[in-house]
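Engineer: Here it is, the structure, as structure tokens.
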Amino acid sequence: FICSGSGDNTVRVWDVDNNKQIQSFNGHSDSVYCVKFSSYHYRNHHQNVICSSSGDKTIRFWDFKNNKQLQIFNGHTDGVCGIEFSPFNGGRYLCSGSLDKTIRLWDVETSKSLRVFNGHKHDVWCVDISPLQSNNKDDNKNNNNKMNKIGVIGGNGYTICSGSFDQTIRIWDIETTKQFN
Numbered sequence: 001f002i003c004s005g006s007g008d009n010t011v012r013v014w015d016v017d018n019n020k021q022i023q024s025f026n027g028h029s030d031s032v033y034c035v036k037f038s039s040y041h042y043r044n045h046h047q048n049v050i051c052s053s054s055g056d057k058t059i060r061f062w063d064f065k066n067n068k069q070l071q072i073f074n075g076h077t078d079g080v081c082g083i084e085f086s087p088f089n090g091g092r093y094l095c096s097g098s099l100d101k102t103i104r105l106w107d108v109e110t111s112k113s114l115r116v117f118n119g120h121k122h123d124v125w126c127v128d129i130s131p132l133q134s135n136n137k138d139d140n141k142n143n144n145n146k147m148n149k150i151g152v153i154g155g156n157g158y159t160i161c162s163g164s165f166d167q168t169i170r171i172w173d174i175e176t177t178k179q180f181n
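Okay, so the sequence shown: first residue is 1 according to full-length UniProt numbering, each after it adds one.
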């Protein structure tokens, strides 16, 4: 299967083997900018769920097997462009970039916004969550999991990377919301 988002405000699911659309979701009131299969719902609930972001300022989750909307995230004050699931904790966390110049980190399980990252001077179109090796020798002595306020994060920590129309790529500490220099 593949999923697509469209300027007609829909999210669609396609069967690539048969070259046919098998599902269409209506619920967004503006263009759908990004769609991803939810690793969290698949790993933890054995559900086939699509996550979509839109110009209507929302992030929505769609169960395409049962043809229903599961969750709506509200919090951004302008359109939501890029979304990315965390590579840790079974995809429980979702990162979003917005036309409101912010990045948010969401808890998919509770539907809550956990962090807001401020600093871009223009629209944030692209986000990713990546591991960043610490240069601190004390941090590298043992490779144990690092405990922080959102739970156990593997290795030496994770960062959020964002790309913006302000012509910058920024790297953020996922715990403190501060930019790395």
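Glycine residues also receive a C-beta, built at the ideal position from the N, C-alpha and C atoms.
Write down the C-beta distance between residue 97 and residue 162 rounded to the nearest angstrom, noting that I regard them as a contact closer than 8 Å.
Structural biologist: Contact between residue 97 and residue 162 holds, with the beta-carbon distance rounding to 6 Å and staying under 8 Å.
Engineer: Please determine, among 115, 24, 75, 81, the residue with the shortest C-alpha to C-alpha distance to residue 64.
Structural biologist: 24
Engineer: Is residue 5 near residue 43, with beta carbons less than 9 Å apart?
Structural biologist: Contact: no.
Engineer: Which same chain residues end up closer than 6 Å to residue 180 when comparing Cβ atoms and leaving out the 5 residues on each side of it in sequence?
Structural biologist: 171
Engineer: Can you check whether the CB of residue 177 is closer than 9 Å to the CB of residue 116?
Structural biologist: yes
Engineer: If you draw a straight line from the C-alpha of residue 112 to the C-alpha of residue 103, how long is it?
Structural biologist: 14 Å
Engineer: What residue ranges within the UniProt repeat "WD" (156-181) form continuous alpha helix (DSSP H) runs of no fewer than 4 residues, ordered along the chain?
Structural biologist: For the UniProt repeat "WD" (156-181), not a single whole alpha helix (DSSP H) run of length 4 or above is found.
Engineer: For residue 53, does the count of other Cβ atoms within 10 angstroms reach 16, so buried, or fall short, so exposed?
Structural biologist: Flag for residue 53 reads buried.
Engineer: For residue 28, does the count of other Cβ atoms within 10 angstroms reach 16, so buried, or fall short, so exposed?
Structural biologist: By the 16-neighbour rule on beta-carbons within 10 angstroms, residue 28 is buried.
Engineer: Measuring alpha carbon to alpha carbon, tell me which of 99, 159, 123, 50 ends up nearest residue 88.
Structural biologist: Here the closest residue by C-alpha is 159.
Engineer: Can you tell me whether residue 86 is buried or exposed? The criterion is at least 16 other CB atoms within 10 Å of its CB, across all chains shown.
Structural biologist: So residue 86 counts as buried.
Engineer: How would you label residue 13, buried or exposed, when you count the other beta carbons within 10 angstroms and need 16 or more for buried?
Structural biologist: Buried, by the Cβ-count rule.
Engineer: For residue 16, count neighbouring Cβ atoms within 10 angstroms of its own Cβ and tell me buried if that reaches 16, exposed if not.
Structural biologist: exposed
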